[in-house]
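Asker: Dumping the structure here so I can ask a few things about it.
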Amino acid sequence: MVYLTGAYPSSVIVDDFNKDTHLDIALTNAGDGTISLLLGYGNGFFSAQRAYSISFFPYSLAAGDFNNDSRLDIVAANYADSSISVLLAYDIGALGNEISFAAADGSLLRGVVVSDVNNDTLLDVIVANYGTNTIGVFFGHDNSTFENQRKFSMGFNAHPDTIAIGDFNKDGEVDIAVANHGTKNIALLLGNRNGMFQTQDSLDNNYELPPLFIRAGDFDNDSRSDIVVAYDGTDNIDVLVAYESGSFTKHMIYSAGISPQCVSVGDFNNDMRLDIVVCNSGENTASVLLGYGNGSFANQMRYSTGSYPQSLAVGDFNNDM
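For the sequence shown, the tail end lands on 355 under my numbering, and the numbers increase by one without skipping.
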């Protein structure tokens, strides 16, 4: 099933934005500076898009309740003008006008995620500042405003691209994994409850290629978050399994399609084990790798998609669980 969006859709998420218990779709349209919202009917079908204007070239987005009204709001990271856009939900399935604030000149924002990193029960926004080689954390207030960003350096020419949130050392705190495109490694920031982070040794890869996208999930059911990585320039993905305090075992390499662009995780066969899905932009397919629950995965199964898939999200759209 194909639905119209804006120009050059770049990032997609799914959640229940109108509180009807059905999953909806939100996505950034980098080509025309809009966010599209498609409301789900719970039977696998969706409404036509509602488009909301924000800053030019939004790169990625995330959802969270930023003003404690029990409605999901949306935050977008805008690459072109290094700004962050927040759209507050104000009605059933509708979003308010854009609230925009600057990250920093030259930030060239890429990835954005949402989590409570300082344990104050309020959601914070974490962004990858590709241009300034930092990770920025904006601590949230309960009125949809945020403090000035606190920056954590990734190193010279790191160019952080995407971010994954998890608990990599099993201490119950929020940690951050970062795909550094420039230095071709994965950096770990281990959280310590108050919004500060300890930088771990970076994880190099087998290819000497820049990582494009990372996602976290517990692939071996040991209560530690593991990582799956897609790289620029190889048709494989890496799985890194956590085994100690912020340390990982040797990379496990799995074949995907041509030019894997994005990865996500979910339980696709209802066996209580996390699986991996990859969108392959070079051949218009998605690869599904079923997990065995011990950190290893079956060989890929490929499925056709639309043209040049850039992003993907996972959810139960037809309520058949």
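Ideal placement from N, C-alpha and C gives every residue a C-beta, glycine not left out.
Helix, strand or coil for tyrosine 252 per DSSP?
Answerer: The displayed chain sequence assigns aspartate, not tyrosine, to residue 252. Aspartate 252 falls in the coil class under three-state DSSP.
Asker: On the DSSP bridge list, what partners appear for arginine 184?
Answerer: Arginine 184 is bridged to Val171.
Asker: Rounded to whole angstroms, what's the CA-CA distance from aspartate 209 to leucine 106? Just pull it up for me.
Answerer: Just so you know, the alpha carbons of aspartate 209 and leucine 106 end up roughly 23 angstroms apart.
Asker: In the DSSP assignment, find the unbroken beta strand (DSSP E) run with alanine 192 in it and report its ends.
Answerer: No beta strand (DSSP E) holds alanine 192; DSSP gives it neither H nor E.
Asker: Using a 10 Å radius around the Cβ and a threshold of 16 neighbouring Cβ atoms, would you call methionine 188 buried or exposed?
Answerer: It is buried - the Cβ of methionine 188 has at least 16 other Cβ atoms within 10 Å.
Asker: Classify asparagine 328 as buried or exposed, calling it buried when 16 or more other Cβ atoms lie within 10 Å of its own Cβ.
Answerer: Per the 10 Å Cβ criterion, exposed.
Asker: Quick one: what's got a C-beta closer than 7 angstroms to glycine 315's C-beta in the same chain, skipping five residues either side?
Answerer: Before going on, a small fix: residue 315 reads as serine here, not glycine. Cβ within range, chain order: Ser293, Gln295, Tyr342, Pro343, Gln344.
Asker: In the DSSP assignment, what residue or residues form a beta bridge with isoleucine 287?
Answerer: Asp272
Asker: As a quick exercise: from Asp125, Ala85, Ser298, Val311, pick the residue whose alpha carbon is nearest that of arginine 249.
Answerer: Ser298
Asker: For aspartate 115, which residues of its own chain have a beta-carbon under 6 angstroms away from its beta-carbon, when the five flanking residues on both sides are left out?
Answerer: Ser89
Asker: Of the residues Lys218, Ile199, Asp205, Asn203, which one's Cα is nearest the Cα of alanine 211?
Answerer: Ile199
Asker: Roughly how many angstroms lie between the CA atoms of histidine 175 and isoleucine 108, to the nearest whole one?
Answerer: 15 angstroms
Asker: With glycine 280 and asparagine 203 assumed to form a contact (beta carbons below 8 angstroms), what rounded beta-carbon distance in angstroms separates them?
Answerer: 4 angstroms
Asker: Who are the Cβ neighbours of serine 81 in its own chain at under 7 angstroms, not counting the five residues just before and after it?
Answerer: Leu72, Leu73
Asker: Distance, Cα to Cα, asparagine 239 vs asparagine 353?
Answerer: 39 angstroms
Asker: Count the other CB atoms, across all protein chains shown, that sit within 10 Å of the CB of lysine 218; report buried if there are 16 or more and exposed otherwise.
Answerer: Classification of lysine 218: buried, given that the 10 Å Cβ count is 16 or more.
Asker: Taking all protein chains shown into account, decide if glutamate 132 is buried (16 or more other Cβ within 10 angstroms of its Cβ) or exposed.
Answerer: buried
Asker: Can you tell which of Gly340, Phe186, Phe173 has the C-alpha that lies nearest to the C-alpha of valine 159?
Answerer: Phe173
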